[in-house]
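Undergrad:
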Amino acid sequence: LTADRYPWVTRAPHLSRIEDKHVAAFERLLGPSGVITEEEQLDGYNTDWLKMVRGQSKVVLRPKTVEEVSAVMRSCSEGKLAVCPQGGNTGLVGGSVPVFDEIVLSMSLMNNIIKVDPVGGNVWCEAGCVLEAVNTHLEKFGLMMPYDLGAKGSCQVGGNVSTCAGGLRLVRYGSLNANLLGVQAVLANGDILDCMSGHRKDNTGYHLRQLFLGAEGTLGIVTGAVISCPTLPTSVSLACLGLDDFSKVLTTLRTSKRILCETLSSCEVMDDTCMDAVANKLGLKPPLGSHKFYMLVETHASNPQHDGDKMDAFLQELLACGDVEDGTVASEPSKMNALWQIRERITEALSRDGYLYKYDLSLPHEKFYEIVHVMRNRLRGVKAAKTVSGFGHVGDGNLHLNVEADAFDQEILEMCEPFIFDWTQKNGGSISAEHGIGFKKAKFMGKYAATGKASLSTMRAIKTALDPNGILNPYKVLPPA
Ligand code: FAD
Ligand code: MLT
Ligand code: ZN
20 LTADRYPWVT RAPHLSRIED KHVAAFERLL GPSGVITEEE QLDGYNTDWL KMVRGQSKVV
80 LRPKTVEEVS AVMRSCSEGK LAVCPQGGNT GLVGGSVPVF DEIVLSMSLM NNIIKVDPVG
140 GNVWCEAGCV LEAVNTHLEK FGLMMPYDLG AKGSCQVGGN VSTCAGGLRL VRYGSLNANL
200 LGVQAVLANG DILDCMSGHR KDNTGYHLRQ LFLGAEGTLG IVTGAVISCP TLPTSVSLAC
260 LGLDDFSKVL TTLRTSKRIL CETLSSCEVM DDTCMDAVAN KLGLKPPLGS HKFYMLVETH
320 ASNPQHDGDK MDAFLQELLA CGDVEDGTVA SEPSKMNALW QIRERITEAL SRDGYLYKYD
380 LSLPHEKFYE IVHVMRNRLR GVKAAKTVSG FGHVGDGNLH LNVEADAFDQ EILEMCEPFI
440 FDWTQKNGGS ISAEHGIGFK KAKFMGKYAA TGKASLSTMR AIKTALDPNG ILNPYKVLPP
500 A
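Under the UniProt record's numbering, the sequence shown is numbered contiguously, ending at residue 500.
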């Protein structure tokens with residue numbers, strides 16, 4: 020249980036415990052099928068994707084409409100009952116599961132795609148829509164979602180907004196900061212905040228929708244979103260490259276920006292430990308021989324001739340300068356998909372047989388991979404640490420650093436934290452690039468919040484104003500007072 024493993028967190032005494040009378044009231048609001056209390060069914064909602072934290076909730080609520088969410092929140096607010104909003108439960112920082120007995124508010128049944136504006140290129144959808152389902156729907160209109168994650172088959176738009184998800188194509192389409200055009204949210208007191216007009220430009224007062232971006236369920240329940248969607252490319256190419264030195268990864272990134280320019284849609288890196296994991300644990304066939312590093316460089320374009328010419332020029336330059344040892348290029352969907360599977364399933368492979376310590380760092384490019392060597396040296400004598408690896412969105416300066424162990428081990432935890440956060444701060448980085456703070460990093464926010472102490476007090480002031488009783492996802496994001 021989370022509470023046993025992390026004894027520094029204690030249950031907030033002012034929050035009520037759920038009683039039969041509350042369950043009966045929720046059943047009246049949502050109908051019996053909207054309330055889950057059976058032990059076996061609760062387990063999946065109490066445990067996170069990585070199986071590193073586990074809560075003790077006794078109730079899961081599954082509203083179908085914004086009015087139902089509003090009624091639930093009004094009732095929780097009156098009864099001082101804590102709520103943990105849950106989308107696809109693919110989050111990697113322990114934010115989506117309760118710490119103690121918070122009610123889980125699952126958004127899965129609010130999964131209607133409301134409308135698409137094919138001219139403006141926007142989609143309106145409910146928060147529980149699964150990312151992949153929205154993308155498939157958008158294809159009919161020649162559009163796509165502006166972000167893509169390995170978790171696309173399970174993660175939900177409301178979860179993506181709440182974590183400000185980054186993903187594989189941020190280098191081209193930008194972050195949700197720009198692409199989120201509207202939000203509907205239910206506040207702690209049950210009020211419905213509707214900012215769903217979806218105008219690309221709207222300066223009428225504060226940009227309230229942005230409050231919910233990356234709020235990780237601590238400021239309100241996101242029930243709907245409007246997302247700006249780019250045009251679906253009609254020509255896509257994907258190069259997989261093998262390199263023997265990280266400095267060459269960086270020169271290749273620069274070359275890709277210079278030559279592929281406006282067509283570059285993704286630039287990712289993984290090291291040999293990651294490739295070995297997907298090959299050995301998932302049985303995926305490595306696309307190239309053995310190298311220290313592998314890059315995936317993708318283009319999205321509208322003219323196959325132009326796209327092909329640019330990709331050829333890029334590959335010729337790489338061959339001429341000798342930075343790349345080997346490579347393969349695909350433009351058939353099945354081949355590209357096979358290459359993407361290798362990249363997208365790294366975390367599944369690394370976490371398959373034990374416990375995975377994950378760090379999601381923004382770093383200056385010249386420091387990007389150094390921490391992997393630093394941690395390998397630091398953990399050399401620690402038997403329980405099996406591998407240290409690095410992969411991620413090198414185009415965005417976002418490294419995913421992973422330490423693999425057979426099981427949770429306190430010594431490894433203490434060797435990693437706060438050492439990795441100190442190192443990151445000292446080197447001008449951020450301790451959360453895209454996964455958020457959740458439960459796992461909340462206690463470190465005081466020292467490492469990227470924008471300093473005044474930002475933390477402003478965050479607390481916003482939290483108190485919107486959620487005076489602290490019922491929304493307690494113990495997450497903000498450090499204990
Ligand atoms: P959940 O995990 O259910 O919740 C995440 C947080 O948001 C929690 O704090 C929860 O309380 C809150 N929340 C969820 N829904 C709502 C709502 N409707 N209203 C208010 N709060 C809500 N992340 C990236 O950024 N980039 C990646 O490339 C990436 N790749 C991934 C690959 C894999 C294989 C996996 C397992 C995860 C990956 N992630 C990635 C992390 C994760 O998928 C994202 O954080 C995603 O946005 C979470 O969406 P979700 O619906 O699963 O949210
Ligand atoms: C990814 O880029 O694959 C994700 O952010 C998931 C991870 O870091 O494990
Ligand atoms: Zn990532």
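Heads up, the beta-carbon is just placed ideally off N, CA and C, and yes, glycines get one too.
Return the residue from the list 146, 158 and 191 that minimises the CA-CA distance to residue 232.
TA: Of the candidates 146, 158 and 191, the one whose C-alpha sits nearest the C-alpha of residue 232 is 146.
Undergrad: Is it right to say residue 499 is buried, meaning 16 or more other beta carbons lie within 10 angstroms of its own, or is it exposed?
TA: It counts as exposed.
Undergrad: Nearer than 8 Å: is that true of the beta carbon of residue 362 relative to any heavy atom of the ligand MLT?
TA: Correct: residue 362 has its Cβ closer than 8 Å to the ligand MLT.
Undergrad: Out of 139, 401, 386 and 417, point me to the one whose CA is closest to residue 446's CA.
TA: Checking every option, the nearest Cα to that of residue 446 belongs to 386.
Undergrad: Is it the case that the CB of residue 317 approaches a heavy atom of the ligand COA more closely than 8 Å?
TA: Of the ligands this structure carries, namely the ligand FAD, the ligand MLT and the ligand ZN, none is the ligand COA.
Undergrad: What span of residues does the alpha helix (DSSP H) with residue 94 cover, start to end?
TA: From DSSP, the alpha helix (DSSP H) with residue 94 extends over 85-98.
Undergrad: Closest by CA to residue 196, which one among 362, 34 and 227?
TA: Ranking the options by Cα distance to residue 196, first place goes to 227.
Undergrad: Listed in chain order, which residues are found with a beta carbon closer than 5 Å to a heavy atom of the ligand MLT?
TA: Any residue whose Cβ sits closer than 5 Å to a heavy atom of the ligand MLT makes the list: 169, 366 and 419.
Undergrad: List the endpoints of the continuous alpha helix (DSSP H) containing residue 478.
TA: Counting along the chain, the alpha helix (DSSP H) containing residue 478 begins and ends at 472-485.
Undergrad: Taking only three categories from DSSP, how would you classify residue 228?
TA: If DSSP states are grouped into helix, strand and coil, residue 228 belongs with the helices.
Undergrad: From which residue to which residue does the alpha helix (DSSP H) around residue 200 run?
TA: No alpha helix (DSSP H) holds residue 200; the beta strand (DSSP E) holding it covers 199-205.
Undergrad: Give the straight-line distance between the Cα atoms of residue 493 and residue 26, rounded to the nearest whole angstrom.
TA: For residue 493 and residue 26, the distance between alpha carbons rounds to 16 Å.
Undergrad: Are the beta-carbon atoms belonging to residue 287 and residue 414 less than 9 Å from one another?
TA: In this structure, residue 414 lies closer than 9 Å to residue 287 by Cβ.
Undergrad: Nearest-angstrom Cα distance between residue 419 and residue 44?
TA: Roughly 44 Å between the two C-alpha positions.
Undergrad: Classify residue 31 as helix, strand or coil using the three-state DSSP reduction.
TA: It is coil, neither helix nor strand.
Undergrad: Write down the C-beta distance between residue 364 and residue 301 rounded to the nearest angstrom, noting that I regard them as a contact closer than 8 Å.
TA: Going by Cβ atoms, the distance from residue 364 to residue 301 rounds to 6 Å, so yes, they are a contact pair.
Undergrad: Taking a contact to mean a Cβ-Cβ separation below 9 Å, would you say residue 240 touches residue 491 in this structure?
TA: The answer is yes: Cβ separation under 9 Å.
Undergrad: Closest to residue 230 by CA distance: which of 200, 427 and 440 is it?
TA: It is 200 whose Cα lies nearest to the Cα of residue 230.
Undergrad: Looking at the structure shown, is residue 73 part of a helix, part of a strand, or coil, going by DSSP?
TA: Three-state DSSP puts residue 73 in a strand.
Undergrad: According to DSSP, residue 134 sits in a beta bridge with which residue or residues?
TA: Partner(s): 143.
Undergrad: Going straight from the alpha carbon of residue 375 to that of residue 461, what length do you get?
TA: Their Cα atoms are separated by approximately 18 Å.
Undergrad: Mind checking whether the beta-carbon of residue 198 lies closer than 8 Å to any heavy atom of the ligand ZN?
TA: Every heavy atom of the ligand ZN is 8 Å or more from the Cβ of residue 198, so no.
Undergrad: Among 94, 407 and 466, which residue has its Cα nearest to the Cα of residue 437?
TA: Nearest of 94, 407 and 466 to residue 437, Cα basis: 466.
Undergrad: Taking the C-alpha atoms as reference points, what is the distance between residue 339 and residue 369?
TA: Their backbone Cα atoms lie some 35 Å apart in a straight line.
Undergrad: Have a look at 283, 310, 424 and 367 and flag the residue whose alpha-carbon is nearest the alpha-carbon of residue 297.
TA: Nearest option by C-alpha distance: 367.
Undergrad: Thinking C-alpha only, which one of 321, 243 and 235 is nearest residue 249?
TA: Answer by Cα proximity: 321.
Undergrad: Roughly how many angstroms lie between the CA atoms of residue 425 and residue 407, to the nearest whole one?
TA: About 13 Å.
Undergrad: List the DSSP bridge partners of residue 285.
TA: The partner list for residue 285 (beta bridge, DSSP) reads 317.
Undergrad: Please report how far the alpha carbon of residue 482 lies from the alpha carbon of residue 238, in whole angstroms.
TA: Rounded to the nearest angstrom, the two C-alpha atoms are 6 Å apart.
Undergrad: How is the alpha helix (DSSP H) around residue 323 delimited, first residue to last?
TA: Counting along the chain, the alpha helix (DSSP H) containing residue 323 begins and ends at 323-340.
Undergrad: Hey, would you say the C-beta of residue 242 is under 8 Å away from at least one heavy atom of the ligand FAD?
TA: True, at least one ligand heavy atom lies under 8 Å from that Cβ.
Undergrad: Quick check on this structure: which residue in 90, 283 and 379 has the alpha carbon closest to the alpha carbon of residue 318?
TA: The candidate whose alpha carbon is nearest that of residue 318 is 283.
Undergrad: How about residue 16 and residue 278: are their beta carbons less than 9 Å apart?
TA: For residue 16 there is no data in the structure shown, the boundaries of the chain being 20 and 500.
Undergrad: Just the Cα atoms here: how many angstroms apart are residue 103 and residue 171?
TA: Cα to Cα, residue 103 sits roughly 21 Å from residue 171.
Undergrad: Put residue 254 into one of helix, strand or coil per three-state DSSP.
TA: It is a strand residue.
Undergrad: When the distance is taken between beta carbons, is residue 452 closer than 9 Å to residue 423?
TA: For residue 423 and residue 452, no; Cβs fall outside 9 Å.
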